[in-house]
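See structure below.
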Amino acid sequence: MLVGGGVGAALVAGAMVEQTRLRRLLGWTGPDGVVPAVKPVPVSVTRQRSAARGRDVDMVVMRPGLPVCVLLHGRGNSARGMIDLGVPAFLAAAQARFTVVAVDGGDSYCVSRTPSDDPQRMLREELPGWLQAAGLAPPRAVLGISMGCFGGLVYARDAGLPAAVLSPALFRSWDDARTVDAFADEAQWASYEPLRHPLPKRLGVWCGEEDPFYDSARELVPHAEVASFDHGEHTDGYWRRVLPEAIGYVGRVL
């Protein structure tokens, strides 16, 4: 039986969706990564007053080396959560020669849904001073996880920095973006959405094939120096699996 191109494509797409659902159901989404059994790099946690965000925030410094990479967390997580993810141990295992600094970015995709809470202004105007007080230089790279990839790519674009993104939570349409209730309106979303703006000149992308943001992540491939897609979900287990590669990439671009 012959079918038209549009109908055929729809059937293929539908089959792929069902295959993804089946793999999730059966747990065929690749092995979970494991935190290395090594002594973690030194970690310090300080509270910083952010006028841009209208609150105190945590700044977590994981310091094995000199150049600084900013790490932005996923939704529902925090800067301290990056310690639980195992980042200090992954840095130690990789013998990384750079410092990773995580800061609390909130749950609004690191954009200013309200004027009183502007995570991007915190990154641009306040973070350099906090780093200087800690004896560190301004950031030279960005590492994002999930929601943190959205804000991280915005920050990297404005600051001209390389970026590594894991499971990037990006949106191909307003219908998709509005479901997370993070943007004031469609105009604000469009003004920030990384897929609608120039991307960093140096970019690494990692995403699982069973991740709900897989299709959005694929749109980054033409702009990426490194792009890795394998079976995996939107989970800590997947991020732990690919963190060694992402850390290696950051080390090369610094």
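In my numbering, the protein residues as written are 10 to 263. Each residue gets a CB set at the ideal place from its N, CA and C atoms; glycine is no exception. Quick caveat: nothing in here was measured; it's all calculated off a predicted structure.
Closest residue to residue i among the options (Cα-Cα distance)
i      : options                        : result
Gly213 : Gly257, Gly160, His82          : Gly257
Leu75  : Trp183, Asp184, Asp41, Gly144  : Gly144
Cys202 : Ser121, Ala102, Arg62, Ala46   : Rather than Cys, the amino acid found at residue 202 in this sequence is Glu. With distances taken between Cα atoms, Glu202 lies closest to Ser121.
Tyr164 : Gly39, Ala226, Phe238, Cys78   : Cys78
Gly157 : Arg211, Gly85, His240, Gln141  : Gly85
Arg3   : Ala142, Arg56, Arg149          : For the chain, the structure presents residues 10 to 263; residue 3 sits outside this window and is missing.
His82  : Val109, Ala102, Ser155, Val151 : Ser155
Val112 : Gln104, Ser59, Gly217, Ala102  : Ser59
Leu204 : Ala173, Leu263, Phe159, Gln197 : Phe159
Terminal residues of the beta strand (DSSP E) in which residue i lies
i      : result
Asp65  : 64-71
Gln57  : 52-59
Val109 : 108-112
Asp116 : Segment: none, Asp116 is in no beta strand (DSSP E) and carries neither H nor E.
Val239 : A small fix is needed here, since residue 239 is Asp in this sequence, not Val. Run containing Asp239: 235-239, per the beta strand (DSSP E) assignment.
Where the alpha helix (DSSP H) through residue i begins and ends
i      : result
Ala165 : 156-168
Phe99  : 96-103
Val262 : 245-262
Ser200 : 195-201
Gly138 : 136-142
Asp184 : 183-186
Residue burial classification, residue i (beta-carbon count within 10 angstroms, cutoff 16)
i      : result
Glu242 : buried
Ala146 : exposed
Glu219 : buried
Leu179 : buried
Thr123 : exposed
Thr108 : buried
Arg72  : buried
Arg62  : buried
Gly169 : exposed
Below-7 Å beta-carbon distance, residue i vs any chain B residue
i      : result
Tyr164 : The structure shown contains no chain B; it is built from a single protein chain.
Residues bridged to residue i (per DSSP)
i      : result
Ser148 : Note on identity: in this sequence residue 148 is Pro, with Ser being the wrong assignment. Pro148 pairs with Val77.
Thr123 : Asp126
Inset, instruction - Would you be able to state if there are at least three C-beta pairs under 8 Å between the stretch 123-136 and the stretch 88-97? - result: no
Inset, instruction - Pair every Cβ in the stretch 43-51 with every Cβ in the stretch 97-112, then say whether three or more of these pairs are closer than 8 Å. - result: yes
Legend entry - Inter-stretch contact (C-beta, 8 Å, three-pair minimum) for the stretch 180-187 and the stretch 242-251: no
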